[in-house]
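Heads up, the thing below is written out as structure tokens.
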Amino acid sequence: MTELIYLQDTYLSTLEARAQELICDDFGEALVLDKTIFYPQGGGQPSDSGEIVCDTFVFEVSKVRLTNDGLVMHYGEFSSGGWVEGLAVELKIDAVKRLVHAKVHSAGHLLDCAVSSLGLNQLSPTKGFHFPEGPYVEYEGILEDSSSWIAPLEKKINELVLQDLEIQGYLLSAEQAANQGVWAPEGKSARVVSFDGFQGCGCGGTHVSSTKEIGELIIRKIKVKKGVTRIAYALK
Ligand SMILES: [Zn+2]
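When you number the sequence shown by the working numbering, it's gap-free, plus one each residue, and the end is 266.
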């Protein structure tokens, strides 16, 4: 298992770790470390990129994935040197990209808060796409006269931004998660994110620390199709 340090601190952009294994699979070469700050793509959020360096090699990380066994695979290539097992390495993520991803992802949660604040309880969030290009959240349920909700939603979500609500992440044991009805990977602890004043939800993504940090948001489009409402948003 790789220790997921990014769950503890969104803003940590460098870390000392130990290189444990070089794995080659269908996706290419991947380094496995004892711990990582690289976010593996998942939950609608893209992976981080950056580099893993030591005196012996520089490995450029372009894609990151989490296996079912809890290993973080850092895919990429050596730009200098080559693999030696067990070396102490330094991880450096693209901090600008990380912050954009954390803002876009946090904005998706804030959209849920705005939907709930407006009493649109017929909508239940099912899926988020938090890539910087065209992010959206999909809800099970229908929003009648959907385009008339663009302005009220945009007003509400930006009110919540200005309220500078604190965003907190914490861990629950598998048992606590089950008791509270929070999603967790089977048999594992759950990471919960909560926006001050709103119900928490299980999420393994990276979040900024308060809503003001997300900045002003735009509601781009609301589309209703086959019982699903998709609300597209963007950072301004
Ligand atoms: Zn999240």
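A virtual CB, placed ideally from N, CA and C, is assigned to each residue, including glycine.
{"Item": "Whose C-beta lies closer than 6 Å to the C-beta of Leu42 among residues of the same chain, with five residues either side of it excluded?", "Value": "Ile67"}
{"Item": "Given 7 Å as the limit, tell me if His131 has its C-beta closer than that to any heavy atom belonging to ligand 1.", "Value": "no"}
{"Item": "What residues come near ligand 1, if near means a beta carbon less than 6 Å from any of its heavy atoms?", "Value": "His135, His139, Val223, Cys233, Gly235, His237"}
{"Item": "Starting from the C-beta of Val96, find all residues in its chain whose C-beta is less than 7 Å away, skip the five residues before and the five after it, and write them out in chain order.", "Value": "Before going further, note that residue 96 is Leu rather than Val in the sequence given. Closer than 7 Å at the Cβ level, and outside the excluded window around Leu96, lie Pro70, Gly72, Val102."}
{"Item": "So Cys84 is in the alpha helix (DSSP H); what residue range does that whole segment cover?", "Value": "Premise fails: Cys84 is in no alpha helix (DSSP H) and is neither H nor E."}
{"Item": "Three Cβ pairs or more, each shorter than 8 Å: is that satisfied between the segment 139-157 and the segment 165-181?", "Value": "yes"}
{"Item": "Taking 8 Å as the threshold (C-beta atoms), are Lys65 and Gly245 in contact?", "Value": "no"}
{"Item": "Along the chain, where does the beta strand (DSSP E) that runs through Ile187 open and close?", "Value": "Run containing Ile187: none in the beta strand (DSSP E); it sits in the alpha helix (DSSP H), 180-192."}
{"Item": "Give me the DSSP bridge partner(s) of Arg250.", "Value": "Paired residue(s): none; Arg250 is not in a bridge."}
{"Item": "Should the segment 239-259 be called in touch with the segment 200-213, which here means at least 3 C-beta pairs below 8 Å?", "Value": "no"}
{"Item": "Could you tell me whether any Cβ in chain D is nearer than 8 Å to the Cβ of Leu45?", "Value": "The displayed structure is made up of one protein chain only, and chain D is not part of it."}
{"Item": "Apart from the five residues on each side of it in sequence, which residues of its chain come closer than 8 Å, Cβ to Cβ, to Lys266?", "Value": "Gly245, Glu246, Leu247, Ile248"}
{"Item": "Compute the Euclidean distance between the alpha carbons of Ile82 and Val119, then round it to the nearest angstrom.", "Value": "6 Å"}
{"Item": "Excluding five sequence neighbours on each side, which residues of the same chain lie with their C-beta closer than 7 Å to the C-beta of Phe161?", "Value": "Pro76"}
{"Item": "In whole angstroms, what separates the C-alpha of Thr86 from that of Arg221?", "Value": "36 Å"}
{"Item": "Can you list, in chain order, the stretches of the alpha helix (DSSP H) that have 4 or more residues and sit fully within the segment 118-186?", "Value": "125-147"}
{"Item": "Are the beta-carbon atoms of Leu52 and Glu46 separated by less than 8 Å?", "Value": "no"}
{"Item": "Return the residue from the list His139, Thr236, Phe108 that minimises the CA-CA distance to Phe228.", "Value": "His139"}
{"Item": "For Val130, I'd like the list of residues in its chain whose CB is within less than 7 Å of its CB, leaving aside the five on either flank, ordered along the chain.", "Value": "Pro162"}
{"Item": "How about Ser240 and Leu195: are their beta carbons less than 8 Å apart?", "Value": "yes"}
{"Item": "Compare the C-alpha of Gly100 against each of Lys218, Phe225, Cys231 and name the closest.", "Value": "Lys218"}
{"Item": "By the DSSP assignment, the alpha helix (DSSP H) with Glu205 in it spans what residues?", "Value": "204-210"}
{"Item": "Helix, strand or coil for Ile67 per DSSP?", "Value": "coil"}
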